[in-house]
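Structure record follows, encoded as structure tokens.
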Amino acid sequence: MQRSEIQAKIWAAYESGDLILACAWCTRVHLEGEWVHADRDALSSIDAPVTHGICPTCLENQLLIEPPRVRLEPPTLI
Ligand SMILES: [Zn+2]
Numbered sequence: 000m001q002r003s004e005i006q007a008k009i010w011a012a013y014e015s016g017d018l019i020l021a022c023a024w025c026t027r028v029h030l031e032g033e034w035v036h037a038d039r040d041a042l043s044s045i046d047a048p049v050t051h052g053i054c055p056t057c058l059e060n061q062l063l064i065e066p067p068r069v070r071l072e073p074p075t076l077i
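All residue numbers for the sequence shown refer to numbering that gives the first Met the number 0, where the first residue is 0 and numbers rise by one.
Printed below as a string of structure tokens:
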């Protein structure tokens, strides 16, 4: 996806009042079912409602860096 196309889609989402899902770890935004790189400026220049999530790539990286420390105990049968 071209940079201008991403910008246009961010605008379109903003215009339609959609919440834009942005990755809190990198510069990807979730547009039309895929995570694409977007400029931080593209998001900050418009006062769009942005919610932060994590893209699959960063999720994978986070799991590799920090394996979950909490181990779930198997349920005890009464
Ligand atoms: Zn990410």
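Glycine included, every Cβ here is placed at the ideal spot set by N, Cα and C.
Asked	Found
Using only the alpha-carbon positions, how far apart do residue 37 and residue 0 sit?	10 Å
Round the Cβ separation of residue 39 and residue 56 to the nearest angstrom and send it over; I've been treating them as touching at under 8 Å.	With 8 Å as the limit, residue 39 and residue 56 do not qualify as a contact, their Cβ atoms being about 17 Å apart.
Return the bridge partner residues of residue 30 from the DSSP annotation.	33
Taking 6 Å as the cut-off, does the CB of residue 39 come closer than this to any heavy atom belonging to ligand 1?	no
Please indicate yes or no: does the CB of residue 24 lie closer than 6 Å to some heavy atom of ligand 1?	yes
Which ranges would you report for the beta strand (DSSP E) in the region 48-74 if only whole runs of at least 3 residues count?	49-52
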